[in-house]
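Numbering (the working numbering), first residue to last: 1 to 320.
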């Protein structure tokens, strides 16, 4: 049982301290632990080159990015882990960009629905199957760290951290919203905050190895969504509302001054981090391809001519 802690913050500063506190608790609960700080790691942004997808389609057992940077180090650590705890700073409402760079490259190339479909085909054809680590269930815990006293300046911290869970269908068992650090001074000066980090680490460690349906543990604020426990809702002008993080729908009602949302079990079962949810997106993409490719084929002679003014933008704009 291995629990990985990742800090996207400065070395030996707030993110590091809180993630390490969670790992101390995970170790006490029986887990083998590993800690990685990413601040000096080179993790470039995804270039949308499809190299990883082509490797998968060519029959490779492992999927790798063509870019030779430190992404592969973090990727391998995640594949080896049974539980993952991530702490990351909020600089401007949402999580630091290095985290998004990692998720953009990690997520699509490890999309569980796509990998399951590839494995089905390989089994039928008697070809080598994909690395079994891609299909291992994992538990996660997130720590969002911000200096602002006003919560709306860190409001997208935890929702952004949830992006990491989707493609691998990982289940989050808790989160810590560590804002107001500017006045706290240091997390070690806030025993209650450190206790929450410890509870998070213990929860991840205790959940590892159990089927998702057997774990209903949650550490942190309940929020409004029963899956991600974030306090966000998307509205379309009716009482039919959606969690923008999990993509599930519920019915909104007001009781006095309190707002209530009723979530159906079938909606909870199709959240983005579930096999049902990830297959919805996979099927959506496949249907898009069926529509898009014929359009491009039908216009293959005219599109190049239409593109000339855009490819030669400087000349085109000067001539106007």
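Positions of the beta carbon are idealized from the N, C-alpha and C atoms, including for glycine.
Residue pairing from DSSP places residue 172 in a beta bridge opposite 140. In this structure the region 221 to 233 does not lie against the region 45 to 52, because fewer than three pairs of beta carbons, one per stretch, are closer than 8 Å. A residue is called buried when at least 16 other Cβ atoms come within 10 angstroms of its Cβ; residue 160 meets this threshold and is buried. For the options 99, 195, 39 and 135, the alpha carbon positioned closest to that of residue 24 is the one of 195. Distance from the CA of residue 65 to the CA of residue 262, rounded to the nearest whole angstrom, comes to 42 Å.
The region 22 to 37 and the region 199 to 212 touch, with no fewer than 3 CB-CB distances between them shorter than 8 Å. Along the length of the region 233 to 283, whole beta strand (DSSP E) runs at least 3 residues long occupy 240 to 242, 249 to 255 and 258 to 263, reported in chain order. Under the three-state reduction of DSSP output, residue 179 falls in the coil class, being neither helix nor strand.
In the DSSP assignment, residue 3 falls within the unbroken beta strand (DSSP E) covering 2 to 7.
For residue 89, the enclosing beta strand (DSSP E) starts and ends at 83 to 92. Contact between the region 116 to 123 and the region 164 to 174 is absent: fewer than three C-beta pairs spanning the two stretches fall below 8 Å.
A distance below 8 Å between beta-carbons, with the five flanking residues on each side excluded, links residue 282 to the following residues of its chain, in chain order: 111, 113, 114 and 117. The alpha-carbon of residue 154 is positioned some 18 Å away from that of residue 16. When secondary structure is reduced to three states using DSSP, residue 317 falls in the helix class. DSSP, reduced to helix, strand and coil, places residue 95 within a strand of the structure shown. An exposed status is given to residue 285, since fewer than 16 other beta-carbon atoms sit within 10 Å of its beta-carbon. At a Cβ-Cβ threshold of 8 Å, residue 174 and residue 241 do not count as neighbours. Residue 21 and residue 93 have their C-alpha atoms some 25 Å from each other. Relative to the Cα of residue 100, the nearest Cα in the group 13, 8 and 267 belongs to 8.
If you compare the alpha carbons of 260, 257 and 233 with that of residue 248, the shortest gap goes to 233. The alpha-carbon separation between residue 46 and residue 134 amounts to approximately 20 Å. A Cβ-Cβ contact shorter than 8 Å links residue 178 with residue 193. Going by beta carbons, residue 77 and residue 34 fall inside the 8 Å limit. With respect to residue 82, residue 138 sits close: the two C-beta atoms are nearer than 8 Å. Collapsing the DSSP output to three states places residue 36 in a strand. Selection 88, 59, 102 and 96 evaluated against residue 44 yields 102 as nearest (Cα-Cα). When the alpha-carbon of residue 238 is set against those of 252, 313 and 128, the nearest one is in 252. Going by beta carbons, residue 88 and residue 145 fall inside the 8 Å limit.
Rounded to the nearest whole angstrom, the CA to CA distance from residue 268 to residue 6 is 28 Å. With respect to residue 63, residue 164 sits apart: the two C-beta atoms are not nearer than 8 Å.
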